[in-house]
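Report on the structure given below.
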C-alpha cells in the first residue's frame, strides 16, 4: 500500500501544522516561570567556571533567528567542542541537500514527470491482458479509474498478482502404461471439446487447465510519476540520471573534503587549548605484567575449571605461577640455574657472545638470545622487593626520564563502589529532609516528623543487629544519621582493603605534553599483550570497573558482543518486514480509501512512525553491549554506539524496509517465477523510495520539533517538581539534563544516506532531507547551548564516524543506481556509473591518509612548542602550574575521594535538627538553606573569538584557566556550601 499524491499532501499539511504548533508552544513555554529553567538551565546554574549563554530575545520567533546566527565561538564557549563539531555536521547536511536539491529538481524531476511508463502500467493495470472465459478463478477486472480518481490519486499502487488454484486430484491410480490421465477436483468445471467451441480445424486438439498461469496487474498513483518508475525501459532519458549521479557524487566529494578540513581545524584548536596537567599530560596503561588480576587462571578460578589439577595450571600458565611465587616470597632474585633445565656449554656461550652486543644478553640456559619476557621481568622485580607501582615508574622513567611525574594505580573497588553509591543516595535524601524541615521551621508551618520503612537484612550484619529481620518503621532523620555514620566506617575499611587489590592498569601523568604524545603513539614493548598505552579519558567519564580486563578478555567479549549485535540486527528485521508486509497489503485500503485523512494517516504517517518506534530501544541495548565489551570510558562507548547504531539502521531501516517493501507483495510470484524479480524491481523499488520520503518527513516535521519541547521529560519534570519538597531537590530536576551524540548522529547520517540514495530515483525526497537538517540545526544548536551538559568531551572525534558513514551512503547510492539502471535494460548508463564507487573509495583512503592521524593527537612539534610556552609562562608568573595534590588525586577512583569534612558537617546538621525537633532552637541552623531562587539576570555574555578552555565541556574564559574540579551539577550541596 503506497502513498498517493493527495495522501502525501495531507500528511505534509498535518505535520506542518503540528510543527508550527510545537514551535509556538515552545516560544511561549520557554518564558514561563514554571518551565524556563527546564528549557534553558544553563542560564540559571551557578558554579565557578560555568559559561552562561547569551540571553534570547523575548519576541516571538526572534529566538530562532538568534540561534541560527549564533557564532561558532559562542557555541564552543557554552557547549564545548563536541557541540561545535556536531553543529558543523548539521550545517554540512543543509549545504549538501540545498545544492543537490537545485541540481536534481531542475534536471531529473521534469524528466521523470514527463515520462509515460506509469501511464502505460496504470492502463495495463485497469485493463488486464485478455484471458479466456474459462479462467473462472480470476476476479472481474476493476473498472478503469475515472479522471477524477486519477487526479486525486485515490488508487492503490500495489502490484496485484493472481495465481491459478489447484485443479487436479493427485491421489489417483497410475494410468495404463504409455498414457497420462487426470481427474478434476470437486468444483472445477469441465472444459468443452475444442472442436465444439473453435470449429472443425481443432478436431484433433485437446486442452487442460494451466496450473502455472499467473495474472499480474500493476496500478500506480500520480505521485509515482515523479519517480524513476515513470521512465520506460531502454529509454535514452536514463542517461540524464547517470550524468546527475556523477554531478551529485562530485559535489558530495567537495562538501566532505572541505568539511574534513574544518573538522581538523576544530580538533586541533581543541587539542591546543587543553589545560596543563589534565588528560593532555596523561596516558592510560593497561595489561601491566606482574598483576594477577585479569589473567586467564585468575578469571577461570570463578568457573568449574578451578577444579583442574594445580600442576596442570602451573605448567600452562608458568608466568602467572612465577608472579604468585614472587608476590608470596618477596625474596631476592636467585642466580642459580633452575633445576631440570639444559645448561649451555661454555663453547656455546662464547660463540653466541661474539654475535651479541650490550643490548642483547645471552640466555645461559639455551645459549642463545631470547625475546625478553615482560612477565618474567616483572616477577624478578617483585622478588627484589619492588611494588607494581614502582615497576610502572621504572618502565616509564627508562623512556621518558624526568618527564615522568606520577603513576596512579587502578584498584579493584567492586566491594567499595556499592557502599559509596549508597552513601551518596542516603546523603542526598538527608539533605532534602533537612532542607524540608528547615524551610517549614522558618515559615512556622506545621511540621510532621517523617518516618521510613527499613529492612535490616538489606544492610548486612549492622542492619540485622540494629533493626532485626522484619521491616520496621523508624524516624527518617535518626536512621539516615546512623546509616551514614555506619557507611563511613565501612567505606574507610573497604578503602584500605581495596588498595591491596590491584587492577592491571594505571594512569601515568607526565610533566610535558611531548612525553604524553610520544607515549600514546609509541610501542612500549614488543609483546603487544603487555604495556598497552592509550590517551587517558577525563576522570569523570571513566568506567572504572572495566579497567581490570586484559586484552584477551576484551577481545573475547568484543567478538561475543559483535555476534550478539549481528543477531540483534537480523532479529529486528522480522518486525520491520512484518510492518512493511502489513502496510503493503490491500486489506485495509478498501474501507479507508475514500476517507482522505484516514488514508493519509495509514499510508503516509503510520509507516514512518512504526519504524521509528521499533528502533527507539536499540541505543540502550547497544550501550549495554559496549559496557560488557570492556570499553573504558563513556566517550568510547558513545563513539562505538555512533558506528553500530548507524550499521543497525542501514541493515534494518534501509535494507530491511527496502527489500521488504519491494518484495513482500510479490513473494509468491518470486517463488513461482524467479525471473520476474527483475521486472518487478524496476517498478516497485522506485515506489519504495516514497516510503523513505514519508520516514524523513516524520523526522523533519515531527521528531525534531518534539526534540526541543521534550514532552515526556517535561511531564516528568512537572510531576517531580510538585513532589519535590525543597529548592535543592527541584534544582536537581532541571540541572541534570545530558546529551549523548551516539543516539542522534546516526539519525543524521541515515538521513544523508536516504537523501543521496533516492535523490535521482525520487527527487522530492531532497527538499525533505534539506528540511530535516534545517530543523535539526535549530533544535540541536539551541539545546546544546542552552540546555544540555555533556558528560564527556571528545574534541569532535565523532567527525571520523560521520565521514565514514557519509561515504557508506554515497557508495550505496551509486550501487543502487547501477542496479536500477541495469534493471531498466540499458547498457550504457550503468557502465557509465561503475567507476564512481572506486573513486569514492579513493576519496575515503585519501581523507584517512590526510586527516585521520592529526585527529588522534598533537604533533610532536606542537606539543613541544606548547610545553615551552607553558614553562615560560610559569617562570614569568603569568600562569600558575597545577597543584601537586590535584595531579596526584586526579586519576584516583571517586570511591577513594570520601570527603570527611562534608560528612561531619552533614551528620552534625542532622544532630542539630534532631535537637530542634525535640524542642530546642538553633537560629544558625535555620539560616543554612539558601532559599533565594536562581534568577536570569538578563546579562549577555559576549562571544569571544579568543581561545577558550574546552576541557570542561562548557568552556572557560581562557585556555590557561582550568575549570574547578569536583564540581558536579548533580551535587548542589557543593555549590551551597561555598
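Numbering (the working numbering), first residue to last: 309 to 1286. Even for Gly, the Cβ is constructed at its ideal location relative to N, Cα and C.
Consult DSSP for residue i and reduce its assignment to one of helix, strand or coil.
i, result
"residue 358", "coil"
"residue 492", "strand"
"residue 723", "coil"
"residue 810", "strand"
"residue 1347", "Past the boundaries of the shown model lies residue 1347; the chain is included only from 309 to 1286, so the question cannot be answered."
"residue 1287", "This structure does not reach residue 1287, given that the chain is present from 309 up to 1286, and the question cannot be answered."
"residue 450", "Confidence in residue 450 is poor, its pLDDT being 42 and thus under 50, which makes the residue's placement unreliable; the coordinate value appears in the next sentence. Residue state, collapsed to three classes: coil."
"residue 850", "strand"
"residue 1320", "The chain is shown only over 309 to 1286; residue 1320 falls outside these bounds and no answer can be derived."
"residue 1205", "coil"
"residue 1097", "strand"
"residue 1188", "coil"
"residue 679", "coil"
"residue 348", "coil"
"residue 1070", "coil"
"residue 531", "helix"
"residue 790", "helix"
"residue 367", "coil"
"residue 516", "coil"
"residue 509", "helix"
"residue 319", "helix"
"residue 711", "helix"
"residue 472", "coil"
"residue 858", "coil"
"residue 339", "coil"
"residue 539", "coil"
"residue 950", "helix"
"residue 923", "coil"
"residue 502", "helix"
"residue 313", "helix"
In the DSSP assignment, what residue or residues form a beta bridge with residue i?
i, result
"residue 841", "593"
"residue 958", "None; residue 958 has no bridge partner."
"residue 716", "815"
"residue 941", "850"
Which residue marks the beginning of the alpha helix (DSSP H) containing residue i, and which one marks its end?
i, result
"residue 1023", "1019 to 1031"
"residue 1139", "1136 to 1141"
"residue 576", "546 to 580"
"residue 1007", "Note, residue 1007: premise wrong, no alpha helix (DSSP H); not H, not E."
"residue 927", "926 to 936"
"residue 605", "604 to 608"
"residue 1289", "This structure gives no information on residue 1289, because the portion of the chain shown stretches from 309 to 1286."
"residue 420", "389 to 421"
"residue 822", "821 to 829"
"residue 700", "696 to 708"
What span of residues does the beta strand (DSSP E) with residue i cover, start to end?
i, result
"residue 1057", "Unbroken run through residue 1057 is the alpha helix (DSSP H), 1053 to 1065; no beta strand (DSSP E)."
Going along the chain, which unbroken runs of the beta strand (DSSP E) with 3 or more residues stay wholly within the segment 754 to 786? 759 to 762 and 780 to 783
Is the number of C-beta pairs between the segment 494 to 512 and the segment 1021 to 1037 that are closer than 8 Å three or more? no
Do the segment 812 to 825 and the segment 724 to 731 make contact, defined as three or more Cβ pairs closer than 8 Å? In the pairwise beta carbon analysis, the segment 812 to 825 is classified as not touching the segment 724 to 731: fewer than three pairs are separated by under 8 Å.
Would you check if the segment 591 to 605 and the segment 414 to 425 touch, i.e. whether three or more CB-CB distances between them fall below 8 Å? no
Check whether the segment 938 to 952 touches the segment 1048 to 1059, taking contact to mean three or more Cβ pairs, one atom from each stretch, closer than 8 Å. yes
Quick check: the segment 1022 to 1029 against the segment 1074 to 1087, are there 3 or more CB pairs under 8 Å? no
To test your reading of the DSSP string, which unbroken alpha helix (DSSP H) runs of 4 or more residues are found completely within the segment 1112 to 1185? 1136 to 1141, 1143 to 1155, 1161 to 1164 and 1168 to 1184
Just checking, does the segment 685 to 697 make contact with the segment 767 to 787 on the three C-beta pairs under 8 Å criterion? no
Kindly confirm or deny that the segment 565 to 584 and the segment 1096 to 1107 touch, where touching means at least three C-beta pairs closer than 8 Å. yes
Specify whether the segment 856 to 869 and the segment 803 to 822 touch according to this definition: at least 3 beta carbon pairs, one from each stretch, less than 8 Å apart. yes
Evaluate the contact criterion for the segment 834 to 853 versus the segment 791 to 800: three or more CB pairs, one atom per stretch, below 8 Å. no
Does the count of Cβ pairs from the segment 1089 to 1097 and the segment 386 to 406 closer than 8 Å reach three? yes
Could you tell me whether the segment 1132 to 1140 touches the segment 539 to 547, where touching means 3 or more Cβ pairs closer than 8 Å? yes
Can you confirm whether the segment 776 to 785 touches the segment 745 to 765 when touching is taken to mean that 3 or more C-beta pairs between the two stretches lie within less than 8 Å? yes
Is it true that the segment 405 to 413 meets the segment 1062 to 1076, where meeting means three or more beta-carbon pairs spaced less than 8 Å apart? yes
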